């Protein structure tokens, strides 16, 4: 099939859902059809074509895509199935693309999907042009100038509204809520929601310099926040933790974990909230502190939400620019994004971390005023709290610890 004419345009969405996928599909399809291209929507990510099944596709045209740009979800579905799982699945994927006659491919996904796109692009050696569009609510793709990945702003907006309700619930019932937000490896989403909603404290992987963090240190930070809040006369609050902390905490403290189709930890299979709640409750009780704890996971509610106007407009541009890039004559394989209203493309090779041979991950930059502000408006123990005698005495009075015992226990936070 290597000599088969590859003139069609394909669109595939892989990984998890994110608000705005339909916006990309809509604008890309309309522009491609207006340029005389047949557009094939590959259903359910790489799930079927990695099995050699080319029947699971949708012919996309202006009629079935013109009014979907404001809707959440994805009309072509998504999947985490990786063509790189075995040699056979990769061969099946290659032959399926050839059988479908796809010579221009728009991949919609995060860093994992982008690595797959890069691998396919290298295999086809120029016969397949690929434009990858940065889709993830994690906001962890290394776009310049801190440009957001699409879906992030909607997820933050929806998450902040949910958190506002939870914060009122906490105040009304006198409880502490431990909320685990989605966000693989990084804390962009957790901190974005926490800042927007004014959470009591938000904990993200980037807070810690060490490669591995003992669970007891995370628990101590939460204890300190609860006790400090009590010393202010408030026995309620909301703590947000990025699920990416699971990659930061010592695996010995977490137990065994399964991997997803791309070989990564399946966060959903780890009951991080329950682990935090039970451990934190035990540690507080040892100190004579009474606090009613509730844990909640925040994630699926965000992924298929209807996009806010920012993401509707953003994805409209992205889909159009992807087609313009692919059909512009000089296209090859790149991450396509929009900067100051203009199309930009970064070749896949420039996005590879040479140390890990994987796609570069964007972490929160702690050396910014944005991060500094986020820390200033949280309730958490700081060094002065355990160094200043008056402050230390006020805090220790909330517990059964003496001032010296309090200082000794909580000093682990600052090591």
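In this note's numbering, the protein residues as written are 224 to 638. For each residue, glycine too, the CB sits at the ideal point set by N, CA and C. Since we're looking at a predicted model, the values are computed, not measured.
Residue range of the unbroken beta strand (DSSP E) whose run includes residue i
i: residue 383; result: Looking at the DSSP string, residue 383 is not in any beta strand (DSSP E); the run it does join, the alpha helix (DSSP H), is 375-396.
i: residue 400; result: 399-404
i: residue 475; result: Looking at the DSSP string, residue 475 is not in any beta strand (DSSP E); the run it does join, the alpha helix (DSSP H), is 474-477.
i: residue 352; result: 352-357
Residue i and residue j closer than 9 Å at C-beta
i: residue 307; j: residue 342; result: yes
i: residue 458; j: residue 397; result: yes
i: residue 577; j: residue 440; result: no
i: residue 377; j: residue 353; result: no
i: residue 527; j: residue 240; result: yes
i: residue 356; j: residue 373; result: yes
i: residue 234; j: residue 328; result: yes
i: residue 556; j: residue 344; result: yes
i: residue 300; j: residue 348; result: no
i: residue 562; j: residue 367; result: yes
i: residue 364; j: residue 525; result: no
i: residue 517; j: residue 399; result: yes
i: residue 632; j: residue 443; result: yes
i: residue 501; j: residue 514; result: no
i: residue 246; j: residue 493; result: no
i: residue 336; j: residue 237; result: yes
i: residue 604; j: residue 451; result: yes
i: residue 369; j: residue 607; result: no
i: residue 512; j: residue 418; result: no
i: residue 320; j: residue 390; result: no
Residue i, enclosing alpha helix (DSSP H) - first and last residue
i: residue 495; result: 495-509
i: residue 340; result: 334-347
i: residue 308; result: Here residue 308 belongs to no alpha helix (DSSP H), and DSSP marks it neither H nor E.
i: residue 464; result: Taken as a continuous stretch (DSSP letters only), residue 464 belongs to no alpha helix (DSSP H), being part of the beta strand (DSSP E) at 460-465.
i: residue 235; result: From DSSP, residue 235 is part of no alpha helix (DSSP H) but of the beta strand (DSSP E) over 231-236.
i: residue 618; result: 612-619
i: residue 630; result: 626-633
i: residue 599; result: 592-599
Supposed contact pair residue j and residue i - C-beta distance, whole angstroms, cut 8 Å
i: residue 243; j: residue 538; result: 4 Å
i: residue 293; j: residue 590; result: Between residue 590 and residue 293 the Cβ distance is about 38 Å, and since that is not below 8 Å, they are no contact.
i: residue 412; j: residue 499; result: No, residue 412 and residue 499 are not in contact; Cβ-Cβ is about 18 Å, not under 8 Å.
i: residue 602; j: residue 460; result: 7 Å
i: residue 270; j: residue 302; result: 4 Å
i: residue 312; j: residue 273; result: 4 Å
i: residue 380; j: residue 531; result: 5 Å
i: residue 428; j: residue 470; result: 7 Å
i: residue 496; j: residue 510; result: Not confirmed; about 21 Å, so no contact.
i: residue 231; j: residue 325; result: 5 Å
i: residue 426; j: residue 468; result: 7 Å
i: residue 277; j: residue 322; result: 5 Å
i: residue 454; j: residue 616; result: Contact flag wrong, Cβ pair sits at about 10 Å.
i: residue 263; j: residue 280; result: 5 Å
i: residue 630; j: residue 609; result: 5 Å
i: residue 414; j: residue 597; result: 6 Å
i: residue 403; j: residue 521; result: 7 Å
i: residue 547; j: residue 566; result: 6 Å
Closer than 9 Å to chain C by CB, residue i
i: residue 375; result: Annotation note: the requested chain C is absent from the structure, which comprises a single protein chain.
Exercise for review: Would you be able to state if there are at least three C-beta pairs under 8 Å between the segment 530-544 and the segment 242-251?
Suggested key: yes
Point to revise | Secondary structure, beta strand (DSSP E): runs of 3+ residues fully inside the segment 511-568 | key: 516-521 and 556-562
Check your understanding: Is the number of C-beta pairs between the segment 580-597 and the segment 403-414 that are closer than 8 Å three or more?
Key -> yes
Check your understanding: Would you call the segment 309-317 and the segment 284-291 touching, i.e. three or more CB-CB distances under 8 Å?
Key -> no
Review point. Can you find at least 3 beta carbon pairs, one from the segment 440-459 and one from the segment 370-384, that sit closer than 8 Å?
Key: Three or more Cβ pairs closer than 8 Å define a contact, and the segment 440-459 falls short of that threshold against the segment 370-384.
Check your understanding: What are the complete alpha helix (DSSP H) segments, minimum 4 residues, inside the segment 421-455?
Key -> 438-454
Practice item. State whether the segment 566-574 contacts the segment 420-431, with contact taken as three or more CB pairs (one from each stretch) at a distance under 8 Å. Key: no
Review point. Of all the alpha helix (DSSP H) runs that stay within the bounds of the segment 248-314, which reach a length of 4 or more residues?
Key: As far as the segment 248-314 is concerned, its whole alpha helix (DSSP H) runs of at least 4 residues are 285-288.
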